[in-house]
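Okay, so here's the structure we're looking at.
2 protein chains.
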Amino acid sequence: MAVHGPAMTDVARLAGVSHQTVSRVLNGHPNVREQTRLRVRAAIAELGYRPNGAARALVTGRSQVIGVVAQNTTLYGPASLLAALEQTAAEEGFAVSVGSVRDLDHRSISAAVERHLAHRVAGIVVIAPVESAGEALERLPKDVPLVTVDGDPHRPMPLVTVDQVAGARAATQHLLDAGHRTVWHVSGPSDWFDGAGRIEGWREALLAAGVSPPPLMPGDWSAASGYRCGQMLARMPEVTAIFTANDHLALGVLRALHEFGRRVPAEISVVGFDDVPEAAYFIPPLTTVRPDFDAVARASLQMLLTQIESGSGGALRQTIAPTLVARDSVAPPPSR
Amino acid sequence: MAVHGPAMTDVARLAGVSHQTVSRVLNGHPNVREQTRLRVRAAIAELGYRPNGAARALVTGRSQVIGVVAQNTTLYGPASLLAALEQTAAEEGFAVSVGSVRDLDHRSISAAVERHLAHRVAGIVVIAPVESAGEALERLPKDVPLVTVDGDPHRPMPLVTVDQVAGARAATQHLLDAGHRTVWHVSGPSDWFDGAGRIEGWREALLAAGVSPPPLMPGDWSAASGYRCGQMLARMPEVTAIFTANDHLALGVLRALHEFGRRVPAEISVVGFDDVPEAAYFIPPLTTVRPDFDAVARASLQMLLTQIESGSGGALRQTIAPTLVARDSVAPPPSR
DNA sequence: GTGCCTTATGTGAGCGCTAACACTACCCCA
DNA sequence: TGGGGTAGTGTTAGCGCTCACATAAGGCAC
């Protein structure tokens, strides 16, 4: 059934060398004569030979596969991250195996990681935006290369993260700069680090401007929760500026404001986070904060590869700064 | 470096049997005494043993991994499909390896498939919504289990697909039933099978009602292209009903109509396709067609597993019917 | 008892590869 | 002239598992 293509010995025979020499060519070892190298490459091409990853994994103890653990790969953020990760990994000759989990408790995460370990992956990227994930990760064997993305900033493990705080600060500041007295915040879940970071940045910006933050409107990333919060905010005449923790929340808020006849941005300004491709086509086009998922993916993969090659752990940390994308949903507050 | 956990021989020694007996227990072979089976299981648990997938893959010629080839896993459809596929596969004890491709030409597809083949995947799911993909697939070795999703309905290979035609027909009919004389269509790319199917369904419904279809407005799935088409449609007073090939196109259309002061649904009704989670929070909430991605994933995986187990190819085919989700973006046409 | 099943278990080979080491040229410098 | 490099190549073992076969123990017919 399986396509049993040519093996290394077949290539070796055709090239008139030993299988070991073929192996050396394949792995870019020095000490192979240029002429031999060419002969081997020709034989590889002629036979359409592809090295057997399983055999290699067996003998080296690890495969050319990177495991990714993520929760909801349907969401825009994780999906983008996963795609970027896959792209980058492919360029480095690695395949990506996904292990999505329903919940981010430590049982689920551990199980997903274990599954990857069973396949002897070369390294693991965990997109672990919540507290409970961290605990699971600390119990893991220390000798497997691991990078967390959007994980706990206070835990000593290799971490790549979007600078949520800076992004939220920029969004809030942008609204203050437009002349708004204060800014309301429809947040993500506060037990998510990105949610918490965005709350923190919002709060910081307000405090720095000498404004005491108004009550938080807690959402759960979904447009539905944004809509619910929006219905409350729409009824409060003093509200002139809203920063939402992501674009989908903003969509829900916009819809609620629209229903209550509150015009955006004439009466109320709104800023989102994520810059989903559709944000430019919301009504009105949404000013938002764009995290660079490609950069995050590149950084985390680089970090992982460094660990894989050096064998050393090391609690590296890298933060990617997001950028503000100004569109039409922000204007000065209505003059009284 | 790698966590060299216990091997099968360690389990065997602890249980006082041969490694082969352990293997038999692991693979559920008959002819193992109940008592022995329990002893082996106990040893496995005690040592925390996990079978080495690489070794198994090496000897059997295939791994417990399913390769998925997809193009843009950031789009809602593919992302949902991938997530559902992963979930289902995990339940069956399979891991999922993603190989996304930038373009859907046959070079890229072949390359992605080859990469999976190198890792000796057990089977491959190709999400191949365009013509050129089909050609690449036909050249593939016949003995590797393969299922295409949203692929060419006219090609004799195992295929699972959403019934695009029926969905589009339902959407169009829904608008006609509301009293509209005709329905305009903002399409997806016509070289995508789902795009083509939705055009076909729209056309069929109109012809069945004795209406000759108005000119097609070609889009490319993006909100941006929906917006451009919407700008044209907004200027045409005779337009009262629009069916868009997906929800993002609808978002762009809604935005354009809004800018031109055309009220939805009072003046113009709009129906989308996909039912993205945000569709209920568009302005107004979007009536749309919901494909069941979970069902597609389950069906394709089932089909793949059947091939893997039986070894037989067989050109099976399964079509998943989508359902219409009625919201507020449809109303009778304005009376004159 | 002999022969021949069936059931439960063990033994040996080998999947395709890499790591470690062995070996052969050949060169350089004393 | 020989000792000791170094570049290029071959040989061997073994990663952890499954497959095919060998073996052992018991049952049942004659």
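Protein sequence lines correspond, in order, to chains S and R. Once you know that position 53 of the first sequence is 53 in our numbering, the rest is easy, because the numbers rise by one and skip nothing. Add 1000 to the 1-based position in the second sequence for our numbering, that's all there is to it. Beta carbons are placed, not taken as given, at the ideal position from N, Cα and C, and that holds for glycine.
*Helix, strand or coil: which one does DSSP assign to R/P1078?*
helix
_Nearest-angstrom Cβ-Cβ length linking S/V130 and S/G99, presumed shorter than 8 Å_ = That pair is no contact at about 16 Å.
*Output yes if chain S places a C-beta closer than 7 Å to the C-beta of R/R1050; else output no.*
yes
*Cβ of R/A1299 within 7 Å of Cβ of R/V1125?*
no
_Contacts that S/G252 makes with chain R (C-beta to C-beta distance below 7 Å)_ = Y1281
*Secondary structure, alpha helix (DSSP H): runs of 4+ residues fully inside the region 1150-1215 of chain R*: 1164-1177 and 1193-1208
*Out of curiosity, what's the CA-to-CA distance linking S/P277 and S/L251?*
13 Å
*Since I believe S/A79 is in contact with S/I109 (beta carbons under 8 Å), could you give me their beta-carbon distance rounded to a whole number of angstroms?*
Rounded, the Cβ-Cβ distance is 19 Å, inconsistent with contact.
_Assigned exposure category for S/A326 - 16 Cβ within 10 Å defines buried_ = exposed
*In terms of residues, what are the limits of the beta strand (DSSP E) holding S/T323?*
T323 to V325
*Taking R/F1273 as part of the beta strand (DSSP E), name the residues at either end of that continuous run.*
R/F1273 -> no beta strand (DSSP E), and no H or E assigned at all.
*On the premise that R/A1295 lies in contact with R/I1320, defined as a C-beta separation below 8 Å, what is that separation, rounded to the nearest angstrom?*
5 Å
*Could you say which of R/W1221, R/Q1164 and R/E1204 lies nearest to R/G1188 if we only look at CA atoms?*
R/W1221
*Members of the region 1115-1137 of chain R near chain S, C-beta cut-off 7 Å*: R1115, L1117, A1118, H1119 and R1120
*With DSSP as the reference, label S/T244 as helix, strand or coil.*
strand
*Can you tell me whether S/H174 is buried or exposed, with buried defined as 16 or more other CB within 10 angstroms of its CB?*
buried
*Determine the burial state of S/N27: buried for a count of at least 16 other Cβ atoms within 10 Å of its Cβ, exposed for fewer.*
exposed
*Leaving out five residues before and five after S/H19 in sequence, what residues of the same chain have Cβ atoms less than 7 Å from its Cβ?*
M8, T9 and A12
*asked:* For R/V1130, report the span of its alpha helix (DSSP H) as first-last.
replied: It is not in any alpha helix (DSSP H) - R/V1130 carries neither H nor E in the DSSP assignment.
*Exposed or buried, which one is R/Q1064 when buried takes at least 16 other CB atoms within 10 Å?*
buried
*Do you know offhand how far R/R1062's Cα is from S/V144's?*
25 Å
*Pull out every residue of the region 65-80 of chain S whose Cβ sits closer than 8 Å to any Cβ of chain R, in chain order.*
V65, N72, T73, T74, Y76, A79 and S80
*With 16 other Cβ atoms within 10 Å as the buried cut-off, status of R/N1052*: buried
*Should R/H1248 be flagged as near chain S, meaning a C-beta pair shorter than 7 Å?*
yes
*Starting from the beta carbon of R/S1222, find every residue of chain S whose beta carbon is closer than 8 Å, and list them in chain order.*
P277
_So within the region 1001-1061 of chain R, which uninterrupted alpha helix (DSSP H) runs reach at least 4 residues, ignoring any that extend past its ends?_
1008-1015, 1019-1026, 1034-1047 and 1053-1060
*So what's S/T88 in DSSP terms, helix, strand or just coil?*
helix
*Under 7 Å between C-beta atoms, does R/E1086 make it to chain S?*
yes
*For R/L1082, go through chain S and note every residue whose CB falls closer than 8 Å to its CB, in chain order.*
T73 and V98
*Name the chain S residues that come within less than 8 Å of R/H1258, Cβ to Cβ?*
I283
*Contact test: S/T323 Cβ vs the ligand FAD heavy atom, cutoff 6 Å*: Because no ligand of any kind appears in the structure shown, any question about the ligand FAD cannot be addressed here.
*Under 8 Å by beta carbon: chain S residues contacting R/S1108*: Neighbours of R/S1108 on chain S: none; closest Cβ ~11 Å, over 8 Å.
*Excluding sequence positions up to five away, which residues of its chain have a Cβ less than 6 Å from the Cβ of R/M1303?*
V1147, P1158 and L1316
*In chain order, what residues of the same chain lie with their CB nearer than 8 Å to the CB of R/N1031, ignoring the 5 residues before and after it?*
R1024
*Have a look at R/T1060 and R/F1094 and give me their C-alpha separation to the nearest angstrom.*
15 Å
*Tell me R/G1067's beta-bridge partners as DSSP assigns them.*
R/S1097 and R/I1124
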